[in-house]
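Enquirer:
2 protein chains.
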Amino acid sequence: MATTETRRRADAERNIAAILDAALVAFTEEPQSSMVAIARAAGVGRVTLYAHFPSREVLLEAVLDRTIAEAGEVIKKAEPEEGSAIEALQRLLRTSWHVLDQHRKLFDLAQRELGSVQLRQRHRQVVDHVEGLLTRGQEEGVIRSDLPMNWLVTTVYSLLHAAAEDVNAGQLKAEDAADVLEATLLPALKS
Amino acid sequence: MATTETRRRADAERNIAAILDAALVAFTEEPQSSMVAIARAAGVGRVTLYAHFPSREVLLEAVLDRTIAEAGEVIKKAEPEEGSAIEALQRLLRTSWHVLDQHRKLFDLAQRELGSVQLRQRHRQVVDHVEGLLTRGQEEGVIRSDLPMNWLVTTVYSLLHAAAEDVNAGQLKAEDAADVLEATLLPALKS
DNA sequence: CTTAAGTTGAACATTGGTGTTCGACTTAAG
DNA sequence: CTTAAGTCGAACACCAATGTTCAACTTAAG
């Protein structure tokens, strides 16, 4: 898609990608990262950074968009509509906990720095997949119905985040994260 | 305790208290709050603020100390050593979720702004109460032993935090928080 | 009532981040 | 090889936050 408008040089394309990569890491593991730091991490001059992303705000939005898109892809690949809701949730956790956590952190940051914009709407598209899955589970009778749906979604995201933090802090092996998550989440969500 | 050293005027005492109160609120619900904002919130001039707390760092430490002490008190009142571990955990949740969450937020902030100092040690004193409780539960056979202890503690704090956020966002009534927490945590922790 | 302790706003220096402009240099693309 | 697109460092203006100093004012305490 889109080498249409003002076809960029391969050069520029490469830098933009490097910047988005660096910015994703920077924003997720050190939210207050400066533009200088991001430029350095991307191996790019400050001016180049501003050439492509005229402001911190624009950059954050770009990273967010990209991550939302990626999250959408990953979720789709986990086929949340197939099989029992529990199985689908297990698949989703295995394939997506990391991406979903990135998405969470970026959204927190965006909400703080940009104010709750229409980002909330784009955010919805991702959260709704989880919510839809849980609702289906309730209809199937395998997910508890005695707590607000909103809280169940929060619980999922919250533990996802906790696991990611533990992995990041070296207190949990990345390969074990999905197992631990599953072992904790399922008893909390099952009816 | 301690009107010994350089006995302060009632005046000053009152302001210090007001500052600590305002700073606690500011730091927990808007971590990047400026000194100006805190001074205004405390109803005090900027100079007065600096007179009592020579730097943002010192102020943060003072607030942290105070909250750790308060958390210690509240935990002690919940008598974590009495009755079955499950009952003790329930008592702890009912009386302390809010204070424990304040403690968590401040610790996160301190870790970011001050670097992991010997604060980690003081932090331990609070976390250890929860860990001790869970360990006792394991010995009694009522808390699961198939996951790292560290993760169980993280789970407690994580959901505590999630509930506090939901309350703060108006999506969960404060009076319901303990019930919801209990209903989610116990199935996740029980063996 | 006296006075020492405490408060205050205004003004200042400093720092660190943001965003811009410029002119020289490098590189992809035809 | 030519040239337009892209990069780069240096220098700039700007802003917001931190922390300090001062001189006038207010207030608690004896």
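Here the protein sequences come in this chain order: A and B.
1182 is the number that the numbering used here gives to position 109 of the first sequence; each next residue is one higher, with no gaps.
1171 is the number that the numbering used here gives to position 98 of the second sequence; each next residue is one higher, with no gaps.
Beta carbons are placed, not taken as given, at the ideal position from N, Cα and C, and that holds for glycine.
Can we say the stretch 1164 to 1174 of chain B touches the stretch 1081 to 1090 of chain B, given the rule of at least three CB pairs closer than 8 angstroms?
Expert: The stretch 1164 to 1174 of chain B is not in contact with the stretch 1081 to 1090 of chain B.
Enquirer: What is the rounded straight-line gap between the Cα of Ala1095/A and the Cα of Trp1170/B?
Expert: Walking along the first sequence from the start, residue 1095/A turns up at place 22. Walking along the second sequence from the start, residue 1170/B turns up at place 97. If you take the alpha carbons of Ala1095/A and Trp1170/B, they lie about 37 angstroms apart.
Enquirer: Can you find a C-beta in chain A that's less than 8 angstroms from the C-beta of Asp1174/B?
Expert: The count along the second sequence starts at 1 and reaches residue 1174/B at position 101. Cβ-Cβ to chain A under 8 angstroms: no for Asp1174/B.
Enquirer: Residues of chain A with a CB under 9 angstroms from the CB of Asn1223/B: which are they?
Expert: Sequence index remark: in the second sequence, residue 1223/B carries index 150 (1-based). Result: Asp1239, Gln1244, Leu1245.
Enquirer: Quick check: the Cα distance between Gly1116/B and Leu1137/B, rounded to an integer number of angstroms?
Expert: As a first step, residue 1116/B is located in the second sequence; it is residue number 43 there, counting from the start. As a first step, residue 1137/B is located in the second sequence; it is residue number 64 there, counting from the start. Approximately 21 angstroms between the Cα atoms of the pair.
Enquirer: So what does DSSP say about Ala1075/B, is it helix, strand or coil?
Expert: In the second sequence, residue 1075/B corresponds to position 2, counting from 1. Below a pLDDT of 50, predicted positions are generally treated as unreliable, and Ala1075/B, at 41, falls in that range; no measurement from the model is reported.
Enquirer: Does any CB atom of chain B fall closer than 8 angstroms to the CB of Thr1101/A?
Expert: For the purposes of this step, residue 1101/A is identified with residue 28 of the first sequence, where counting begins at 1. For Thr1101/A, the answer is no, since every Cβ of chain B falls outside 8 angstroms of its Cβ.
Enquirer: Find the residues of chain A that neighbour Thr1257/B, judging by a C-beta separation of less than 8 angstroms, and give them in chain order.
Expert: Taking the first residue of the second sequence as 1, we reach residue 1257/B at position 184. Going along chain A in sequence order, the residues near Thr1257/B (Cβ under 8 angstroms) are Leu1220, Trp1224, Thr1228, Ala1261.
Enquirer: Closer than 7 angstroms by C-beta to Arg1209/A: which residues in its own chain qualify, once you throw out the five before and the five after it? Chain order, please.
Expert: On the first sequence, position 136 is the one that residue 1209/A refers to. Counting only Cβ-Cβ distances below 7 angstroms, and skipping sequence neighbours, we find Ala1158.
Enquirer: Could you tell me the alpha carbon to alpha carbon distance between Leu1097/B and Leu1187/A, rounded to whole angstroms?
Expert: As a working note, residue 1097/B is residue 24 in the second sequence. As a working note, residue 1187/A is residue 114 in the first sequence. The alpha-carbon atoms of Leu1097/B and Leu1187/A are separated by roughly 24 angstroms.
Enquirer: For the alpha helix (DSSP H) containing Leu1132/A, list its first residue and its last residue.
Expert: On the first sequence, residue 1132/A is found 59 positions in, with the first residue counted as 1. Taken as a continuous stretch (DSSP letters only), the alpha helix (DSSP H) holding Leu1132/A covers 1129 to 1150.
Enquirer: Looking at C-beta atoms only, is the number of pairs between the stretch 1174 to 1183 of chain B and the stretch 1122 to 1137 of chain B that lie closer than 8 angstroms three or more?
Expert: Output reads yes: the stretch 1122 to 1137 of chain B touches the stretch 1174 to 1183 of chain B.
Enquirer: Shorter than 8 angstroms from the beta carbon of Ala1075/B to some beta carbon of chain A?
Expert: As a working note, residue 1075/B is residue 2 in the second sequence. Caution applies to Ala1075/B, whose pLDDT of 41 falls short of 50 and renders its modelled position unreliable; the value that the coordinates give is listed next. Not one chain A Cβ lies under 8 angstroms of Ala1075/B.
Enquirer: Which one or two residues does DSSP pair with Lys1263/A in a beta bridge?
Expert: In the first sequence, residue 1263/A corresponds to position 190, counting from 1. Looking at the DSSP assignment, Lys1263/A forms a beta bridge with Ile1216/A.
Enquirer: Is there contact between the stretch 1209 to 1220 of chain B and the stretch 1218 to 1234 of chain A, where contact requires at least three CB pairs shorter than 8 angstroms?
Expert: No, the stretch 1209 to 1220 of chain B does not touch the stretch 1218 to 1234 of chain A.
Enquirer: Check whether the Cβ of Ala1235/B lies closer than 8 angstroms to any Cβ atom in chain A.
Expert: Position 162 of the second sequence holds residue 1235/B. Yes, its Cβ sits closer than 8 angstroms to a Cβ of chain A.
Enquirer: Taking 8 angstroms as the threshold (C-beta atoms), are Gln1244/B and Asn1223/A in contact?
Expert: Working through the first sequence from its first residue, we reach residue 1223/A at position 150. Working through the second sequence from its first residue, we reach residue 1244/B at position 171. Against a cut-off of 8 angstroms, the Cβ pair of Gln1244/B and Asn1223/A comes out as a contact.
Enquirer: Could you check what DSSP says for Leu1245/B in three-state terms: helix, strand or coil?
Expert: In the second sequence, residue 1245/B corresponds to position 172, counting from 1. Coil at Leu1245/B, not helix or strand.
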